[in-house]
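Residue numbers (this note's numbering), protein chains in the order written: chain A, 1 to 279; chain B, 1 to 247.
What follows is a set of notes on a single structure, which appears directly below.
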Amino acid sequence: MTDRLPPPVAAEPGAKARLSPRKKQRISRAIQYAVLVAIVVGVILYADWGSLAENFAKPDVADKALPELFTVALRNTIIYTVGGFVFSFVLGLVLALMKLSTVRPYRWISTLYIEIFRGLPALLIFLLITFLPLALPGFEVPGGTYGQGILGLGLVGAAYQAEVFRAGLQAVPKGQVEAARSLGMSAARAQVTVIIPQAIRIVIPPTTNQFVALLKDSSLVLFLGVSGEYVELAKFGNDLASQYANATPIMVSGLTYLLVTIPLGHLTTRLEKRKTGVR
Amino acid sequence: MTNAIEIRDLHKHFGKNEVLRGIDCTVETGQVVCVIGPSGSGKSTLLRCVNLLEEPTRGKVLVEGVEVTDPDVDIDAVRRRIGMVFQQFNLFPHMTALQNVMIAQQRVLKRGKKEAEQIARTNLERVGIGDKAGSYPAQLSGGQQQRVAIARALAMGPDLMLFDEPTSALDPELVGDVLAVMRKLAEEGMTMLVVTHEMGFAREVADRVVFMDGGVIVEDGSPDQVIGDPQQERTRTFLKRVLHPEG
Chain A
1 MTDRLPPPVA
11 AEPGAKARLS
21 PRKKQRISRA
31 IQYAVLVAIV
41 VGVILYADWG
51 SLAENFAKPD
61 VADKALPELF
71 TVALRNTIIY
81 TVGGFVFSFV
91 LGLVLALMKL
101 STVRPYRWIS
111 TLYIEIFRGL
121 PALLIFLLIT
131 FLPLALPGFE
141 VPGGTYGQGI
151 LGLGLVGAAY
161 QAEVFRAGLQ
171 AVPKGQVEAA
181 RSLGMSAARA
191 QVTVIIPQAI
201 RIVIPPTTNQ
211 FVALLKDSSL
221 VLFLGVSGEY
231 VELAKFGNDL
241 ASQYANATPI
251 MVSGLTYLLV
261 TIPLGHLTTR
271 LEKRKTGVR
Chain B
1 MTNAIEIRDL
11 HKHFGKNEVL
21 RGIDCTVETG
31 QVVCVIGPSG
41 SGKSTLLRCV
51 NLLEEPTRGK
61 VLVEGVEVTD
71 PDVDIDAVRR
81 RIGMVFQQFN
91 LFPHMTALQN
101 VMIAQQRVLK
111 RGKKEAEQIA
121 RTNLERVGIG
131 DKAGSYPAQL
141 SGGQQQRVAI
151 ARALAMGPDL
161 MLFDEPTSAL
171 DPELVGDVLA
181 VMRKLAEEGM
191 TMLVVTHEMG
201 FAREVADRVV
211 FMDGGVIVED
221 GSPDQVIGDP
231 QQERTRTFLK
241 RVLHPEG
């Protein structure tokens with residue numbers, strides 16, 4: 001039996017040959033270049049470069065940021081971020097397991113938590129944390145300012161990380177539990193030995209993204225009213241900027257963030273690509 | 001002597017869909033029983049009810065005299081004595097072949113690492129892939145993966161084995177290796193309940209063949225009876241399709 005395909009559509013020679021698609025494309029691209037050049041020329045001509053450089057990239061002010069930029073500010077940013085990340089990782093895993101639990105109230109609690117902490121601005125959480133000692137007399141967040149910052153980041157991060165873990169746990173094929181259970185493992189044993197290790201592998205790329213998000217959110221520590229040795233990058237840049245009435249330190253802080261976030265972003269992309277490999 | 005498996009008036013519904021509609025079936029100790037039938041006939045569900053991967057809607061399943069459908073039964077303890085082999089192998093991808101065969105011995109039977117490893121290696125040899133102990137599942141062919149899965153089940157020292165279409169996901173040239181392992185097991189006297197489309201295997205190895213269709217057992221007897229000389233029209237139609245797919 002032969003399949004009857006419609007005859008190939010022949011290009012109609014000469015028909016409407018005024019502008020071929022290829023030619024149209026070329027013209028369109030030329031217009032796009034022209035617009036770009038016009039904008040660049042406009043910016044170059046009309047911006048006051050001297051003043052911009054004076055305010056945003058003044059070398060001697062940038063020089064004042066060293067070495068504390070790295071020894072204090074970046075160090076603290078990393079402390080807040082790593083602390084908050086560990087907190088959110090553990091709490092997130094617990095919340096994800098609760099969300100997938102057969103015990104209904106656990107599912108409710110987990111859903112409520114995730115909805116609230118994803119729905120509120122992180123800044124609001126930080127502001128509320130500063131009022132905790134007022135609300136609970138005698139209560140101090142352990143670890144002082146570090147503790148408060150880590151708590152804020154951890155509480156918010158856990159809600160997102162929980163969703164990451166939930167997706168990861170659900171991505172492990174059902175046959176894996178069945179194989180584990182049919183070998184006589186209890187439900188809990190199957191989770192710990194078979195499901196969670198695989199889920200963690202699956203969630204490595206989105207978790208790296210979470211880490212980057214936390215790193216950026218660590219700038220909210222600014223609102224805890226921190227000072228001195230506790231300042232992280234954003235607060236550090238802002239304080240110096242006020243001191244010298246010049247935005248250069250903020251630019252320097254920004255570059256320091258990028259120093260960490262850009263490589264991490266590339267790492268995530270690579271991990272995502274690798275995911276299709278050994279499994 | 002108690003039978004290895006006794007199934008009495010077993011029903012299983014998925015919502016409105018009645019997959020099993022009153023199954024009665026017995027597997028004696030040491031017997032090899034093959035279950036054949038068209039897809040959707042409930043054969044896999046029947047198998048999965050034996051170790052309670054599916055909860056029967058009604059009816060009883062007894063394994064070595066223990067009623068697994070009793071809500072108070074320690075199902076983990078019963079499952080330890082039932083090896084199960086899946087169509088999709090279901091090896092643990094984050095572990096090597098050796099670890100796959102060791103893990104349940106260590107975590108469930110509480111065997112020491114040395115003992116578990118020795119038993120694992122013995123069983124990998126037994127299924128003919130002792131040299132692949134260090135490989136991850138993704139590095140193995142389907143036939144090798146399925147043999148690791150069989151070794152994993154055997155390492156638990158089960159009294160009986162369930163096979164759920166063990167060769168259906170394999171490339172045709174790899175089917176023989178897995179069937180050879182199963183044949184050897186049968187010769188060694190293992191009690192086996194096998195859901196399969198391999199008529200040649202059923203005919204040669206099985207003590208009994210059960211033909212299922214529409215959630216009921218249509219025919220149950222020796223291979224020569226059921227495959228060689230089927231009495232029911234439905235069995236004949238099915239066999240004709242399977243044995244002469246070109247029509």
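Every residue gets a Cβ at the ideal spot worked out from N, C-alpha and C, and that includes glycine.
Original post:
Between which two residues does the beta strand (DSSP E) harbouring K12 of chain B extend?
Top reply: 5-14
Subject >> N- and C-terminal bounds of the beta strand (DSSP E) containing F223 of chain A >> reply: Premise fails: F223 of chain A is in no beta strand (DSSP E) and is neither H nor E.
Original post:
DSSP on M212 of chain B, reduced to helix/strand/coil?
Top reply: strand
**OP:** Taking a Cβ distance cut-off of 7 Å, strictly less, list which residues of the segment 176-200 of chain A are near chain B, in chain order.
**Re:** Close to chain B, meaning a Cβ-Cβ distance shorter than 7 Å, are the following residues of the segment 176-200 of chain A: Q176, E178, A179, R181, S182, L183, G184, M185, S186, R189, T193, V194, P197, Q198.
Original post:
Closer than 8 Å, CB to CB, is K88 of chain B near chain A or not?
Top reply: The displayed chain sequence assigns Gln, not Lys, to residue 88 of chain B. Taking CB atoms only, Q88 of chain B has a neighbour in chain A less than 8 Å away.
**OP:** Under the assumption that P158 of chain B contacts I82 of chain B (Cβ atoms under 8 Å), give the Cβ distance between them as a whole number of angstroms.
**Re:** Taking the Cβ atoms as the reference, P158 of chain B lies roughly 6 Å from I82 of chain B, within the contact range of under 8 Å.
Subject >> Three-state secondary structure assigned by DSSP to F56 of chain A >> reply: helix
Original post:
Sorted by chain position, which residues of the same chain lie with C-beta nearer than 6 Å to L214 of chain A's C-beta, five sequence neighbours on each side aside?
Top reply: T81, G84, F85, L153, G157
Original post:
For V66 of chain B, which three-state DSSP category applies?
Top reply: V66 of chain B: strand per DSSP, three-state reduction.
Original post:
Just the Cα atoms here: how many angstroms apart are C25 of chain B and A187 of chain A?
Top reply: 29 Å
Original post:
Applying the criterion that 16 or more other CB atoms from any shown protein chain within 10 Å of the CB defines a buried residue, is T71 of chain A buried or exposed?
Top reply: exposed
Subject >> Simplified DSSP state of R104 of chain A, which is helix, strand or coil >> reply: In this structure, R104 of chain A counts as helix in the three-state DSSP scheme.
**OP:** Could you tell me whether any Cβ in chain B is nearer than 8 Å to the Cβ of M1 of chain A?
**Re:** For M1 of chain A, the predicted structure reports a pLDDT of 46, less than 50, and the residue's modelled location is therefore unreliable. The matter cannot be settled from this model.
**OP:** Taking only beta carbons into account, state which residues of the segment 95-124 of chain B come closer than 7 Å to chain A, listed in chain order.
**Re:** Residues I103, A104, R107, V108.
Original post:
Under the DSSP definition of a beta bridge, which residues are partnered with G83 of chain B?
Top reply: B:M161
**OP:** Using a Cβ cut-off of 7 Å, pull out every chain A residue sitting near N51 of chain B, in sequence order please.
**Re:** What N51 of chain B touches in chain A: S182.
Subject >> Beta-carbon proximity check, L140 of chain B vs V127 of chain B, cutoff 8 Å >> reply: Going by C-beta atoms, L140 of chain B is not nearer than 8 Å to V127 of chain B.
**OP:** Please go through the same chain and pick out, in chain order, the residues whose beta-carbon is closer than 6 Å to the beta-carbon of T276 of chain A, but skip the five residues on each side of it.
**Re:** At T276 of chain A the pLDDT is 46, less than 50, meaning the model places this residue with poor confidence; the figure from the coordinates comes in the next sentence. Closer than 6 Å at the Cβ level, and outside the excluded window around T276 of chain A, lies no residue.
Original post:
Helix, strand or coil: which one does DSSP assign to R279 of chain A?
Top reply: In this prediction, R279 of chain A scores a pLDDT of 41, lower than 50, which makes its location untrustworthy; no coordinate-derived value is stated.
Original post:
Relative to the alpha-carbon of V172 of chain A, which residue among A:S51, A:A190, A:R22 has its alpha-carbon at the smallest distance?
Top reply: A:A190
**OP:** Count the other C-beta atoms from every protein chain shown that fall within 10 angstroms of the C-beta of T77 of chain A, then say buried if there are 16 or more, exposed otherwise.
**Re:** buried
Subject >> Whole-number beta carbon distance between P249 of chain A and I265 of chain A, since they are thought to touch under 8 Å >> reply: Looking at the sequence itself, residue 265 of chain A is Gly, so the reference to Ile does not match. With a Cβ gap of about 24 Å, G265 of chain A and P249 of chain A do not count as contacting.
**OP:** Compare the C-beta of R79 of chain B against all C-beta atoms of chain A and say whether one is closer than 8 Å.
**Re:** yes
Original post:
When the Cα atoms are used, what is the spatial distance from A4 of chain B to Q161 of chain A?
Top reply: 47 Å
**OP:** Enumerate in chain order the residues of its own chain whose CB-to-CB distance from P38 of chain B is below 7 Å, with the five nearest sequence positions on each side excluded.
**Re:** D213, F238
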